[in-house]
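Student: Structure in structure tokens, see below.
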Amino acid sequence: MSWQETVRKELAAADAARARGNEGMARVCARRAAGWALKAHLGEAGVDLDTDSVIEHFRHVLAQDDTQAEQRLLIEHLRMPKLRPNLEEDSFFPEEIDLIDDARALIGMLFPGENFS
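Quick note, the sequence shown lines up with residues 1 to 117 if you use our numbering.
Structure representation (structure tokens):
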């Protein structure tokens, strides 16, 4: 399966998970889609991190001085953990951040000629 097919599959899985009310799985799938796209983008630039770890790809791109500010913000959202103000409260993810939209936006920036909507 090509990276494009994998990204489309993960985005479709994210949409399906959200439709079922499983927001946690939707976020996981969105992160994976973004990770596969980042891996492909880095590969085109001759960078091979020798890992499929989404987090490692996020870290690598964030460590680069030439990463665009908007890409940096989207990646920060994608790697953000759930928040837990204290041990007595449930953890939560900020409602104003939509990781599926953020993943699609990042992928669109990396590959403007591709359609992943």
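Every residue gets a Cβ at the ideal spot worked out from N, C-alpha and C, and that includes glycine.
What distance in whole Å lies between the Cβ atoms of LEU11 and ALA103, which are believed to be in contact at a cut-off of 8 Å?
Tutor: At roughly 7 Å, the Cβ-Cβ gap stays under 8 Å, so ALA103 and LEU11 are in contact.
Student: Would LEU99 and ARG31 qualify as a contact pair, given that the criterion is a beta-carbon distance under 8 Å?
Tutor: In this structure, ARG31 lies closer than 8 Å to LEU99 by Cβ.
Student: If the criterion is Cβ atoms closer than 8 Å, does the pair ILE75 and LEU106 meet it?
Tutor: Against a cut-off of 8 Å, the Cβ pair of LEU106 and ILE75 comes out as a contact.
Student: Straight-line CA distance for ILE97 to ARG79?
Tutor: Using only the alpha carbons, I get a separation of about 12 Å.
Student: Hey, would you say CYS29 sits closer than 8 Å to ALA19, going by beta carbons?
Tutor: No, the pair does not count as a contact, with Cβ atoms beyond the cut-off.
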